[in-house]
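Q: If you're matching them up, the sequences are chains A and B in order.
Take any residue in the first sequence, count from 1 to its spot, add 87: that is its number in this note's numbering.
Take any residue in the second sequence, count from 1 to its spot, add 50: that is its number in this note's numbering.
A virtual CB, placed ideally from N, CA and C, is assigned to each residue, including glycine.
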Amino acid sequence: MPFSPSEVIMSDTATAPVSVFAPWQDPQAKPLIQFQNVTKRWGDFTAIDDLSIDIYAQEFFALLGPSGCGKTTMMRMLAGFETPTEGKILIDGQDVAHIPPNKRAVNMMFQSYALFPHLSVAENIAFGLKRDKQPKDKIEARVEEMLSLVQLNKFANRKPHQISGGQRQRVALARSLAKAPKLLLLDEPLGALDKKLRQDTQFELMDIQEKTGTTFVIVTHDQEEAMTVASRIAVMDHGKIIQVDTPSKIYEEPKSIYVADFIGDVNLIRGNVTKTSEGHASISWAEGQSELTGIARSEIEAGAVATLAVRPEKLSIYTSRPKDQTNVIKGKVLDIAYLGNMSTYVIETASGETIKAQVANTRRIQRRQITWEEKVWLSFTDTAGVVLNQ
Amino acid sequence: MRRLSWFNTASLTLGFAFLYIPMIILITYSFNAGKLVTVWSGFSTKWYGELFRNEAFLDAAWVTLKVAVMSSSIATVLGTMAAYVMVRAGRFPGRTVFSGMIYAPLVMPEVITGLSLLLLFIAIGLDRGVLTIVLAHTTFSMCFVSVVVSSRLVTFDQSLEEAALDLGCTGFEAFRLVTLPIIMPAVVSGWLLAFTLSLDDLVIASFTSGPSSTTLPIKIFSAVRLGVSPEINALSTIMIGLVTVGVIGASLTSKRSIAKRQKDEQEAIL
Numbered sequence: 088m089p090f091s092p093s094e095v096i097m098s099d100t101a102t103a104p105v106s107v108f109a110p111w112q113d114p115q116a117k118p119l120i121q122f123q124n125v126t127k128r129w130g131d132f133t134a135i136d137d138l139s140i141d142i143y144a145q146e147f148f149a150l151l152g153p154s155g156c157g158k159t160t161m162m163r164m165l166a167g168f169e170t171p172t173e174g175k176i177l178i179d180g181q182d183v184a185h186i187p188p189n190k191r192a193v194n195m196m197f198q199s200y201a202l203f204p205h206l207s208v209a210e211n212i213a214f215g216l217k218r219d220k221q222p223k224d225k226i227e228a229r230v231e232e233m234l235s236l237v238q239l240n241k242f243a244n245r246k247p248h249q250i251s252g253g254q255r256q257r258v259a260l261a262r263s264l265a266k267a268p269k270l271l272l273l274d275e276p277l278g279a280l281d282k283k284l285r286q287d288t289q290f291e292l293m294d295i296q297e298k299t300g301t302t303f304v305i306v307t308h309d310q311e312e313a314m315t316v317a318s319r320i321a322v323m324d325h326g327k328i329i330q331v332d333t334p335s336k337i338y339e340e341p342k343s344i345y346v347a348d349f350i351g352d353v354n355l356i357r358g359n360v361t362k363t364s365e366g367h368a369s370i371s372w373a374e375g376q377s378e379l380t381g382i383a384r385s386e387i388e389a390g391a392v393a394t395l396a397v398r399p400e401k402l403s404i405y406t407s408r409p410k411d412q413t414n415v416i417k418g419k420v421l422d423i424a425y426l427g428n429m430s431t432y433v434i435e436t437a438s439g440e441t442i443k444a445q446v447a448n449t450r451r452i453q454r455r456q457i458t459w460e461e462k463v464w465l466s467f468t469d470t471a472g473v474v475l476n477q
Numbered sequence: 051m052r053r054l055s056w057f058n059t060a061s062l063t064l065g066f067a068f069l070y071i072p073m074i075i076l077i078t079y080s081f082n083a084g085k086l087v088t089v090w091s092g093f094s095t096k097w098y099g100e101l102f103r104n105e106a107f108l109d110a111a112w113v114t115l116k117v118a119v120m121s122s123s124i125a126t127v128l129g130t131m132a133a134y135v136m137v138r139a140g141r142f143p144g145r146t147v148f149s150g151m152i153y154a155p156l157v158m159p160e161v162i163t164g165l166s167l168l169l170l171f172i173a174i175g176l177d178r179g180v181l182t183i184v185l186a187h188t189t190f191s192m193c194f195v196s197v198v199v200s201s202r203l204v205t206f207d208q209s210l211e212e213a214a215l216d217l218g219c220t221g222f223e224a225f226r227l228v229t230l231p232i233i234m235p236a237v238v239s240g241w242l243l244a245f246t247l248s249l250d251d252l253v254i255a256s257f258t259s260g261p262s263s264t265t266l267p268i269k270i271f272s273a274v275r276l277g278v279s280p281e282i283n284a285l286s287t288i289m290i291g292l293v294t295v296g297v298i299g300a301s302l303t304s305k306r307s308i309a310k311r312q313k314d315e316q317e318a319i320l
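#1: Which residues in the same chain as A/Ile423 place their Cβ atom closer than 7 Å to its Cβ, once the five residues preceding and following it in sequence are excluded?
#2: For A/Ile387, is the classification buried or exposed, using 16 other Cβ atoms within 10 angstroms of its Cβ as the cut-off for buried?
#3: Between B/Tyr79 and B/Val87, which are expected to be in contact by the criterion C-beta below 8 Å, what is the C-beta distance as a whole number of angstroms?
#4: Between the stretch 184–207 of chain A and chain B, which residues of the former have a C-beta closer than 7 Å to a C-beta of the latter?
#5: Distance check for A/Ser371 and A/Leu379, CA to CA, integer angstroms please.
#6: Under 9 Å Cβ-Cβ, which residues of chain B neighbour A/Asp219?
#7: Taking C-alpha atoms, which residue in A/Thr436, A/Pro187 and A/Gly366 lies nearest to A/Leu475?
#8: Report the CB separation of B/Val198 from B/Leu165 in whole angstroms; it is logged as a contact under 8 Å.
#9: At a CB-CB cut-off below 7 Å, which residues of chain B make contact with A/Phe214?
#10: What runs of the beta strand (DSSP E), each 3 residues or longer, lie entirely inside the stretch 369–396 of chain A?
#11: Quick check on the burial criterion: 16 or more other C-beta atoms within 10 angstroms. Buried or exposed for A/Phe467?
#12: List the residues of chain A whose Cβ lies closer than 8 Å to the Cβ of B/Ser209, in chain order.
#13: By the three-class DSSP mapping on this structure, what secondary structure does A/Asn448 have?
#14: Using alpha carbons as the reference points, say which of A/Tyr345, A/Asp131 and A/Met314 lies closest to A/Pro334.
#15: Give, in chain order, every unbroken run of the beta strand (DSSP E) that is at least 3 residues long and sits entirely within the stretch 114–201 of chain A.
#16: Would you kindly report the start and end of the unbroken alpha helix (DSSP H) that includes B/Leu8?
#17: Of the residues A/Val463, A/Asn354 and A/Arg229, which one's Cα is nearest the Cα of A/Thr394?
#18: Ignore the nearest five residues each way along the sequence and tell me which others in B/Ser256's own chain have a CB closer than 6 Å to its CB.
#19: When DSSP labels each residue in this structure, what does A/Asn211 get in the three-state scheme?
#20: Got a sec: is the Cβ-Cβ distance from B/Arg138 to anything in chain A below 8 Å?
#21: Is A/His248 close to chain B, meaning its C-beta is less than 8 Å from at least one C-beta of that chain?
#22: Just tell me which of A/Val306, A/Gly252 and A/Arg262 has its CA closest to the CA of A/Leu284.
#23: For a test of the three-state rule: what should DSSP assign to A/Asn414, helix, strand or coil?
#24: Under 7 Å Cβ-Cβ, which residues of chain B neighbour A/Ala134?
#25: What does B/Val228 reach in chain A if we use C-beta pairs closer than 7 Å?
#26: Would you say B/Ile232 lies against chain A (beta-carbon separation less than 8 Å)?
#27: Taking the C-alpha atoms as reference points, what is the distance between A/Ile404 and A/Asp287?
#28: Per DSSP, which one or two residues make a beta bridge with A/Gln464?
#29: By DSSP's criteria, A/Ser364 is part of a beta bridge. Which residues make up the other side?
#30: Three or more C-beta pairs under 8 Å: does that hold for the stretch 153–162 of chain A against the stretch 105–118 of chain A?
#31: With contact counted as at least three CB pairs below 8 Å, one residue from each stretch, are the stretch 96–110 of chain B and the stretch 300–314 of chain B in contact?
#32: Output needed for B/Ala224: all residues of its chain with C-beta closer than 7 Å, excluding positions within five of it in sequence on either side, in chain order.
#33: Can A/Gly326 and A/Asp469 be called in contact, C-beta distance under 8 Å?
#34: Could you tell me whether the stretch 180–198 of chain A touches the stretch 235–246 of chain A, where touching means 3 or more Cβ pairs closer than 8 Å?
#35: Helix, strand or coil: how does DSSP classify A/Ile328 here?
#36: Could you say if the stretch 65–79 of chain B and the stretch 283–290 of chain B meet the contact criterion of at least three C-beta pairs nearer than 8 Å?
Structure, rendered in structure tokens:
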């Protein structure tokens, strides 16, 4: 059993009165979606490679990865536009291999929104309801409800080309939610919006997901977006899932260098493991520098080559050697990037390696003491970094 | 406005003269009072009256219209289906051959098409009449429709159809409710093209028409061989008038819809 401090915290909260939404930790919970050894091939190209995963009801699940990693293929298989070459996909315990897209309780929000240009906003939202042959007044009520959900009542009679990009995005969301699907698939839903609008919309999406209680699966290549909205993130690469975890665990306890590097900024320090003890490991990494210690899983063994991954904001910067700190790195300031709310310092060590430290600018800029070429010391606690296998 | 140089003025005048002088002569002489086509003897509309009393011409006009409407409608259905399959089916063995075969009638000499159809109708013992002309016109105008429609389908966002499927449509419903309304302008212009082609076709119609089913172009052609009559001038003037009204009407509608769309989009940004 690998040890990590946050798992301890999690098991604490499980017995606490406030229950955390974490069905993936409950062995009794039945997953809504199961991928069982799914493989998808086109000729020689393998898009999905023997992939198994469980997704639970009411999750906001993010598939995150670079383009071509297979995340869109997974989503299209859930929608029914592709069928697996091997393996099974179960939705609610039922094998969906032979269920066409129009017979699945799954709806999709397309990356291009795919709004029907010849229909008004209200008609777009009503489209799926009409296919179900519901009574007219019921359809109207539902359309009205959806329009209020996305705050577009005033635009009900406009055509898609008569509204702005952000509004189109909301129409697409309302249309895909109108049939109250068990599962909503979102393909890069915010890709076409500018940054400010994207951030607002992320919170709106989370809000709507909570209100409707629908299971959301989102495909994105934007790690910040995945971190913001998701209850769990699956980091994918080359048709495989590298790690599935909550955003904080993905960020704080990446299980591989790939994940550490893909999510956020990270310092990767390569060295030899000198000793391991109680879930920690120390590495020696450069001449004249003291050893660095971080959290390690049991497979890390003394003598092996390993990499310590530590986030820049976990590092503190000092102008004199700090006392009683375990991990200390000596170097000089190579570069300072002032970002307003924080500053990034790039430190060069004697052996030529660069390490980034991020400091929140709690003080006014003119009182900043550290400048270029200055000799500084960086330090971090021994739970700040993670020692990872190569 | 920039003044045109004498060279540009001259070439413009020559070009327009070349295009329109024959038509102007034809229209002018349709209002000639005398029987002689080339000698002006006063203004009159009597040939128009004569024309509308001429049963043979009216019959031919009716046959032409029937043939044009039927053949262009069938051609539009078949051509759209062919275009849809060609664009959507992706790669399959023999795709190039198939699409080549659809477009071959575009470049086939009309005489050959007409002759081969005639031979076919004789071989299967089909009596020549309205039906055979309709079939013949459908055959050659179908490929024009399919070219027009497939050029629209190539730029059609396939996710629209997927969205329709996702929202509960069967494949056919998705086509009927989403794809067809969106590509409708292309389908309509394909129909109009087929209609016009059928309307003025002489060669293929003369191969495939029977004694009871003379189309207007055949009628005009055979009448002119016996000498140009002012009645034919009148008939041609009416046809020019109809075409002019149609073209101007179509371009005005499309211009207005473009202007409206631009206005809508500007409103959306505000």
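A: Concretely, from the data shown:
#1: Working through the first sequence from its first residue, we reach residue 423 of chain A at position 336. Answer for A/Ile423: Ser430, Tyr432 and Trp459, listed in chain order.
#2: Translated into the one-based positions of the first sequence, residue 387 of chain A becomes position 300. Burial call: buried.
#3: Counting from one through the second sequence, the residue named residue 79 of chain B turns up at place 29. Counting from one through the second sequence, the residue named residue 87 of chain B turns up at place 37. Confirmed, Cβ separation roughly 6 Å.
#4: Pro188, Asn189, Asn194, Met195, Phe197, Ser199, Ala201, Phe203, Pro204 and His205
#5: By 1-based counting over the first sequence, the position of residue 379 of chain A is 292. By 1-based counting over the first sequence, the position of residue 371 of chain A is 284. Rounded to the nearest angstrom, the two C-alpha atoms are 7 Å apart.
#6: Position 132 of the first sequence, counting from 1, holds the residue named residue 219 of chain A. Gly218, listed in chain order.
#7: Here the question's residue 475 of chain A lines up with position 388 in the first sequence. Checking every option, the nearest Cα to that of A/Leu475 belongs to A/Gly366.
#8: As a working mapping, residue 198 of chain B is identified with position 148 in the second sequence. As a working mapping, residue 165 of chain B is identified with position 115 in the second sequence. That belief does not hold up - the Cβ atoms of B/Val198 and B/Leu165 are roughly 27 Å apart, past 8 Å.
#9: Residue mapping note: residue 214 of chain A aligns to position 127 of the first sequence, counting from 1. Residues of chain B with a Cβ closer than 7 Å to the Cβ of A/Phe214 are, in chain order, Leu217.
#10: 379–383
#11: Locating residue 467 of chain A in the first sequence gives position 380, where the first residue counts as 1. A/Phe467 comes out buried.
#12: The residue you call residue 209 of chain B lines up with position 159 of the second sequence. Within chain A, the residues near B/Ser209 are Phe197, Gln198, Ser199 and Ala201.
#13: Taking the first residue of the first sequence as position 1, residue 448 of chain A is located at position 361. Note: A/Asn448 maps to coil in three-state DSSP.
#14: For this step, residue 334 of chain A is matched to residue 247 along the first sequence. Of A/Tyr345, A/Asp131 and A/Met314, the residue nearest in Cα terms is A/Met314.
#15: 120–129, 132–142, 147–151, 173–178 and 193–196
#16: Residue 8 of chain B cannot be examined here, being either before or after the span of chain B that is shown, 51 to 320.
#17: In the first sequence, residue 394 of chain A corresponds to position 307, counting from 1. Comparing Cα positions, the closest option is A/Asn354.
#18: For the purposes of this step, residue 256 of chain B is taken as residue 206 along the second sequence, with counting starting at 1. Excluding five sequence positions before and after B/Ser256, the CB atoms of its chain that fall closer than 6 Å to its own CB belong to Ile268, given in chain order.
#19: In the first sequence, counting from the first residue as 1, residue 211 of chain A sits at position 124. Of the three classes helix, strand and coil, the one that applies to A/Asn211 here is helix, per DSSP.
#20: In the second sequence, the residue the question calls residue 138 of chain B occupies position 88. Not one chain A Cβ lies under 8 Å of B/Arg138.
#21: For this step, residue 248 of chain A is matched to residue 161 along the first sequence. Answer yes: the Cβ-Cβ gap between A/His248 and chain B drops below 8 Å somewhere.
#22: For the purposes of this step, residue 284 of chain A is taken as the residue at position 197 of the first sequence. Nearest option by C-alpha distance: A/Gly252.
#23: Walking along the first sequence from the start, residue 414 of chain A turns up at place 327. Reduced to three states, the DSSP call for A/Asn414 is strand.
#24: Position 47 of the first sequence, counting from 1, holds the residue named residue 134 of chain A. Going along chain B, no residue has its Cβ under 7 Å from A/Ala134, so there is no contact; the nearest lies around 17 Å.
#25: Here residue 228 of chain B refers to the residue found at position 178 of the second sequence. Listed along chain A are Phe203, each with a C-beta nearer than 7 Å to that of B/Val228.
#26: Along the second sequence, read from residue 1 onward, the residue named residue 232 of chain B stands at position 182. With 8 Å as the cut-off, B/Ile232 counts as an interface residue toward chain A.
#27: Position 317 of the first sequence, counting from 1, holds the residue named residue 404 of chain A. Position 200 of the first sequence, counting from 1, holds the residue named residue 287 of chain A. Rounded to whole angstroms, A/Ile404 to A/Asp287 spans 34 Å at the Cα level.
#28: The residue given as residue 464 of chain A occupies position 377 in the first sequence. Here the sequence assigns Trp to residue 464 of chain A, which means Gln is not the residue at that position. Within the DSSP secondary-structure output, A/Trp464 pairs in a beta bridge with A/Tyr405 and A/Lys417.
#29: As a working mapping, residue 364 of chain A is identified with position 277 in the first sequence. DSSP output for A/Ser364 lists A/His367 as bridge partner(s).
#30: no
#31: Result no; under three Cβ-Cβ pairs closer than 8 Å.
#32: The residue given as residue 224 of chain B occupies position 174 in the second sequence. Excluding sequence neighbours, B/Ala224 sits near Glu211, Ala214 and Leu215.
#33: For the purposes of this step, residue 326 of chain A is taken as residue 239 along the first sequence, with counting starting at 1. For the purposes of this step, residue 469 of chain A is taken as residue 382 along the first sequence, with counting starting at 1. Not in contact: A/Gly326 and A/Asp469 (Cβ atoms no closer than 8 Å).
#34: no
#35: Numbered from 1 along the first sequence, position 241 holds the residue referred to as residue 328 of chain A. Correct three-state label for A/Ile328: strand.
#36: yes
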